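The numbering of the sequence shown is the numbering used here, which starts it at 3 and goes up by one. By construction, the Cβ of each residue, glycine as well, lies at the ideal position given by its N, Cα and C atoms. Bear in mind that the values here come from a model prediction, so they are computed numbers and not experimental data. What follows is a single structure, written as structure tokens, with notes after it.
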Amino acid sequence: MTEAAGWLIIGLPMASFVLIGLVLRPFLNRKKELAGYVTIGAIGGSFGLSIAAMGAAISSPGIVGWAPHEWLTVGNLSFNVGLHLDHLTAIMLVVVTSVSLLVQIYSQGYMKGDPGYVRYFALMSLFTASMLGLVMSRNIVMMYAFWELVGVSSYLLIGFWHHRPSASRAAVKAFLVTRLGDFGFLLAILYLFFHQSAFAAQGLNPLEIPDIYEAVRTGVLGQTAITWIAIGLFAGAAGKSAQFPLHTWLPDAMEGPTPVSALIHAATMVAAGVFLVARFFPLFEASHTAMNLVAVIGGVTAVFAATMGVVAKDIKRVVAYSTISQLGYMMLALGVGAYSAAIFHLFNHAFFKALLFLGSGSVNHATGTFNMDFMGGMGRQQRWTAATFVVASLSLAGIFPLAGFWSKDEILAEALHNGDAVALLVFALGVIGALMTAFYIFRAFYLTFTGKYRGGAEAEEKAHPGSLPEPVPAPAGHDDHGSLVHGTSAGAHGGSHLAESPWVMVGPMVVLALLAVGTGALFNSPVALGPIPSHWFSHFLVPPGGEFEGMPFNFGVAVTSLLVAAAGILGAWALYRRKVVAPESLTIKPVYQLIARRYYMDDLYEKVFTGRVFYGAACATLDWVDRNVVDGLADTVGWFGRNLGRAVAQIQTGQPQTYAMVFGIGVVLTAVGYILWG
3 MTEAAGWLII GLPMASFVLI GLVLRPFLNR KKELAGYVTI GAIGGSFGLS IAAMGAAISS
63 PGIVGWAPHE WLTVGNLSFN VGLHLDHLTA IMLVVVTSVS LLVQIYSQGY MKGDPGYVRY
123 FALMSLFTAS MLGLVMSRNI VMMYAFWELV GVSSYLLIGF WHHRPSASRA AVKAFLVTRL
183 GDFGFLLAIL YLFFHQSAFA AQGLNPLEIP DIYEAVRTGV LGQTAITWIA IGLFAGAAGK
243 SAQFPLHTWL PDAMEGPTPV SALIHAATMV AAGVFLVARF FPLFEASHTA MNLVAVIGGV
303 TAVFAATMGV VAKDIKRVVA YSTISQLGYM MLALGVGAYS AAIFHLFNHA FFKALLFLGS
363 GSVNHATGTF NMDFMGGMGR QQRWTAATFV VASLSLAGIF PLAGFWSKDE ILAEALHNGD
423 AVALLVFALG VIGALMTAFY IFRAFYLTFT GKYRGGAEAE EKAHPGSLPE PVPAPAGHDD
483 HGSLVHGTSA GAHGGSHLAE SPWVMVGPMV VLALLAVGTG ALFNSPVALG PIPSHWFSHF
543 LVPPGGEFEG MPFNFGVAVT SLLVAAAGIL GAWALYRRKV VAPESLTIKP VYQLIARRYY
603 MDDLYEKVFT GRVFYGAACA TLDWVDRNVV DGLADTVGWF GRNLGRAVAQ IQTGQPQTYA
663 MVFGIGVVLT AVGYILWG
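So, in structure tokens, the structure goes:
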């Protein structure tokens, strides 16, 4: 594979953004569908090139060698741009382009009739290009530029329906919270920049990722420096991947269109944080403190988010909390050294999580609501959606032999195998998280697809006027001449549109369901499957400078996790399908209120920190500066102006003889000065 082909992986969707947003947009008023075709064609091209990149990585034992290109030189330090293609990059390229391609195809049906259709596809092209650039960056500054571009793209897409105040607030919240983490990432880069002399002594560039690996290996960076750089990088990763306590932005990000949620949660923004830790894994692995921090934060996040998924009523928020929890699993795995298992879970998670979001969007397309209290019975109306949703749910719960089983169990097995106190703690947290994961996702399934239909958007509007979560485009085949259905949806028109979504939406869901079934056993089975050797994924994805350590299949962990998952599914079935007891009767109101209010963390951030503490302190500080500095400076300048004028006025006597005398004295003094000093 040539370097030009590598640049095209990023360039095609970026060209699609420019073409749609700046060139074609004025001409697409009548043929808006062309925007979708251009985006699908560009991302499809990137997907094909990503497959070629995977082939190149398979045939290469390490990094595919493309020399960086010098962009800027400051003193002895060169800023380079270049592509970094290794096994991790190849996996991420396939994940990002495949999921994005399926989401764009689905979006043609979901976004049909939306006035922002053209803008939507332009921004989705930018979003995909940004993530691809982040994945392929060889230089940490270049990576940071794409990292921020991913944040800007997500801001624009979360606030896509910017006329809705809740969407605008959610976009700003996501942007600001992730910026907090990005500050740590920036500090890590600055540390490397200001210690360039230590790198230069060994002929290394502190901003080149392969050189950072080498600096860790050769001891150029001391233990304390490694720890602080790793913590800074993890702060950035925690913000993007919504790890505790920077998780609060992700549930609110559901204000964006559902396909955007699918892409954010499956393959782009939140995956970027896990990718960042994986990219610098040799750095993290060299610091026991950093590894423990990643493991504990990941384990706490996995359980913490799962508790909120248990009580959420919005199906998209349930799936969003599931994303936070599963990202915690990935961080947990990286923290205990299970590098391959973490990326394998990211790989599998991308497919079943995208499917869960697209399934939620399909149900919303028919009912007009995301509130599960007003759904029910959709399995009879949407058989394909129900079937694919249950496949994704089983994979998420970790049921054999679906994809999620293989990666989740590998994480738990490696945590148990590690054996130290932190690893055993996160193993216990992982098991608890697995129980709650199975419960909350099948709670969502039973409330949505079984029982009787409870009225959809029309019933929700009557019960809670003005509470519909997003304006929903009219479904394909029933749109009002392409106009947006404001405040209602197809499901509110007498229930006549309670039908399966069009095939342009169902098709991608079926493909994702097949991937959610087969990727686990196919790519990392403990036994060889035809031409694919056993543990192929783990062999392929060895961390830089590391070696594959074969780990036998742990039947004890597998049986335990299956029993735990089965208990969660059985509990959801008993409460929400068979209704053995009313769920309300088991509720402890103070605990329920605590979890339903998200542990009051939003209140803490929005009312205390940004309200009374930071905002109040800032106002008091600015008031003091205004009164004492700004006003004081203005008063001082005015005083000088007034009094200087009075002093000069004293010599303005109006007598010509006085002026002549002063002039004469001046001439004499000038002459004397010239004679004395030339």
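Item: Counting C-beta neighbours from all protein chains within 10 Å, is the total for LEU646 16 or more, i.e. buried, or is it exposed?; Value: exposed
Item: Is the beta carbon of VAL152 closer than 8 Å to that of MET133?; Value: yes
Item: Kindly provide the ranges of any alpha helix (DSSP H) runs that are 4 or more residues long and lie completely inside the region 258-315, ordered along the chain.; Value: 260-268, 271-281, 283-287 and 290-313
Item: So what does DSSP say about THR75, is it helix, strand or coil?; Value: strand
Item: Evaluate VAL66 with the Cβ neighbour count: other Cβ atoms within 10 Å of its Cβ, from every protein chain shown; 16 or more gives buried, anything less gives exposed.; Value: buried
Item: Taking 8 Å as the cut-off, decide whether the C-beta atoms of PHE349 and THR521 are in contact.; Value: yes
Item: Which whole-angstrom value is the C-beta distance of GLY111 and MET507, which I expect to be below 8 Å?; Value: 4 Å
Item: Would you mind listing the alpha helix (DSSP H) stretches within the region 372-425 that are 4+ residues and don't spill past its ends, in chain order?; Value: 380-383, 385-399 and 405-420
Item: Would you decide whether HIS86 is buried or exposed? Buried here means 16 or more other CB atoms lie within 10 Å of its CB.; Value: buried
Item: Go ahead and label SER102 buried or exposed: buried means 16 or more other beta carbons lie within 10 angstroms of its beta carbon, across all protein chains shown.; Value: buried
Item: Assuming LYS410 and TYR331 form a contact by the criterion Cβ under 8 Å, report the distance between their Cβ atoms to the nearest whole angstrom.; Value: 7 Å
Item: Would you tell me roughly how many angstroms separate the C-alpha atoms of TRP230 and ALA190, rounded to the nearest one?; Value: 8 Å
Item: How big is the Cα-Cα spacing for LEU671 and ASP628?; Value: 47 Å
Item: Using the DSSP secondary-structure output, state which residues sit across from LEU85 in a beta bridge.; Value: SER139
Item: CB-CB under 6 Å to GLY497, same chain, minus the five flanking residues each way: which ones, in chain order?; Value: With a pLDDT of only 39 at GLY497, under 50, the local geometry of the prediction cannot be trusted, and no value is derived from it.
Item: Pick out whichever of ARG166, TYR455, MET663 and LEU329 has its Cα sitting closest to the Cα of ALA239.; Value: LEU329
Item: Under a three-way DSSP split, which group does SER80 fall into?; Value: strand
Item: Using a Cβ-Cβ cutoff of less than 8 Å, which residues in the same chain neighbour VAL393 once the five nearest sequence positions on both sides are dropped?; Value: PHE354, LEU357, LEU404, ALA515, ALA518 and VAL519
Item: Tell me where the alpha helix (DSSP H) around ARG219 begins and ends.; Value: 211-220
Item: Let me know the secondary structure DSSP gives LEU531 once reduced to three states.; Value: strand
Item: Can the beta-carbon of GLY186 be found closer than 8 Å to that of ALA237?; Value: yes
Item: Which one of THR623, GLY57 and SER109 has the shortest CA to CA distance from LEU95?; Value: GLY57
Item: Throw me the rounded Cβ distance for the SER127 and ILE22 pair, which I believe falls under 8 Å.; Value: 7 Å
Item: Please classify VAL25: is it buried, with 16 or more other beta-carbons within 10 angstroms of its beta-carbon, or exposed?; Value: exposed
Item: Among the residues of its own chain, which have a CB less than 6 Å from the CB of ILE12, if the five just before and after it don't count?; Value: ALA131, LEU134 and GLY135
Item: MET256 lies in the alpha helix (DSSP H); which residues open and close that run?; Value: First-last for MET256: undefined, no H or E at that position.
Item: Tell me where the alpha helix (DSSP H) around GLN204 begins and ends.; Value: No alpha helix (DSSP H) contains GLN204, which DSSP labels as neither H nor E.
Item: So what's VAL120 in DSSP terms, helix, strand or just coil?; Value: helix
Item: Taking VAL296 and PHE286 to be in contact with their CB atoms under 8 Å, please state how far apart those CB atoms are, rounded to whole angstroms.; Value: 7 Å
Item: State the CB to CB distance for the pair ALA268 and GLY400, rounded to an integer number of angstroms; the pair is presumed to be in contact (CB under 8 Å).; Value: Not confirmed; about 17 Å, so no contact.
Item: Within a Cβ cutoff of 7 Å, which residues of the same chain sit near PHE441, ignoring the five residues on either side of it in sequence?; Value: VAL312, GLY570, GLY573 and ALA574
Item: Three or more C-beta pairs closer than 8 Å, one from the region 446-454 and one from the region 585-597: is that the case here?; Value: no
Item: Compute the Euclidean distance between the alpha carbons of LEU360 and SER263, then round it to the nearest angstrom.; Value: 9 Å
Item: Should ASP265 be labelled buried (16 or more other beta-carbon atoms within 10 Å of its own) or exposed?; Value: Per the sequence shown, residue 265 should be read as Leu rather than Asp. Buried, since its Cβ has 16 or more Cβ neighbours within 10 Å.
Item: For VAL66, does the three-state DSSP call read helix, strand or coil?; Value: strand
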